Amino acid sequence: MNNRRREHKRKMDFRRPIGTRRPEKTFLILCEGTKTEPNYFRSFHVISAQVEIVGTGMNTMSLINYARDIVEDRPDEYDEIWLVFDKDSFSRDSFNEAVYFCETHHREGYRAAYSNESFELWYLLHFELVRKAVSRFHYPDMLSRRLGFFYKKNNPHMYEILKSRQPNAIANAKQLYKGRSPSPARDNPSTTVFMLVEELNKHLRK
Numbered sequence: 001m002n003n004r005r006r007e008h009k010r011k012m013d014f015r016r017p018i019g020t021r022r023p024e025k026t027f028l029i030l031c032e033g034t035k036t037e038p039n040y041f042r043s044f045h046v047i048s049a050q051v052e053i054v055g056t057g058m059n060t061m062s063l064i065n066y067a068r069d070i071v072e073d074r075p076d077e078y079d080e081i082w083l084v085f086d087k088d089s090f091s092r093d094s095f096n097e098a099v100y101f102c103e104t105h106h107r108e109g110y111r112a113a114y115s116n117e118s119f120e121l122w123y124l125l126h127f128e129l130v131r132k133a134v135s136r137f138h139y140p141d142m143l144s145r146r147l148g149f150f151y152k153k154n155n156p157h158m159y160e161i162l163k164s165r166q167p168n169a170i171a172n173a174k175q176l177y178k179g180r181s182p183s184p185a186r187d188n189p190s191t192t193v194f195m196l197v198e199e200l201n202k203h204l205r206k
């Protein structure tokens with residue numbers, strides 16, 4: 001294991017105290033980004049599950065290898081291991097490999113919440129169904145126009161700002177997913193973030 005991954009593992013000591021009861025479900029959410037995605041998912045008011053969220057600064061297969069190290073060190077600790085990553089400018093092969101790993105290791109709890117091209121697509125889908133390929137560099141301006149204020153990456157309030165529109169985003173993301181191809185890297189735009197959102201919604205405070 002390289003020094004970077006070792007340092008991350010040293011920092012994330014989430015073991016439950018001895019004698020405490022295991023929650024209804026346990027999630028490990030490992031995000032490629034260090035702020036945008038962790039800020040969003042930490043805003044879910046989950047009460048009937050244990051959710052551990054880490055912004056790693058890693059991508060595609062590096063993120064996969066990091067997750068495997070954690071699971072090897074803490075077997076049977078998590079019901080679902082969600083890997084949140086973007087296509088960005090990474091190669092088609094590395095992006096597809098990461099997605100395929102999660103699909104082929106589904107029985108072991110691995111899940112992919114990917115976005116092509118970036119996580120901000122999920123935000124845009126709260127407003128409309130985006131079918132045309134859009135560069136991730138255009139997302140901030142598109143969001144700013146729809147939000148009515150300047151969109152700043154890492155905004156910690158995006159969950160609450162968009163919450164009322166979330167059903168719309170889920171429906172739009174599902175529409176895109178229906179048209180998926182054998183190569184996720186070619187599916188621009190597309191996102192499976194809706195799958196993780198639906199799972200977390202099952203455990204929210206009512």
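Its first residue numbered 1, the sequence shown is counted upward by one per residue in UniProt numbering. Built from N, CA and C at the ideal position, the CB exists for glycine as well. The structure displayed is predicted, hence computed values, not measured ones.
Counting the other Cβ atoms within 10 Å of the Cβ of S115 gives 16 or more, which makes it buried. The beta carbon of S48 lies closer than 6 angstroms to those of E24, H203 in the same chain, with the five residues before and after it left out. Short of 6 angstroms from the beta carbon of Y151, and not among the five residues preceding or following it, lie these beta carbons of its own chain, in chain order: P140, L143, S144. Bounds of the beta strand (DSSP E) holding V51 are 50-55. Straight-line measurement puts the Cα of G148 at about 34 angstroms from the Cα of V99. For T104, the three-state secondary structure derived from DSSP is helix. By the C-beta density criterion, P38 is buried, having at least 16 other C-beta atoms within 10 angstroms. Where R145 is concerned, the enclosing alpha helix (DSSP H) starts and stops at 139-147. Each of D86, K132, N96 was checked against the Cα of E117, and the nearest Cα belongs to D86.
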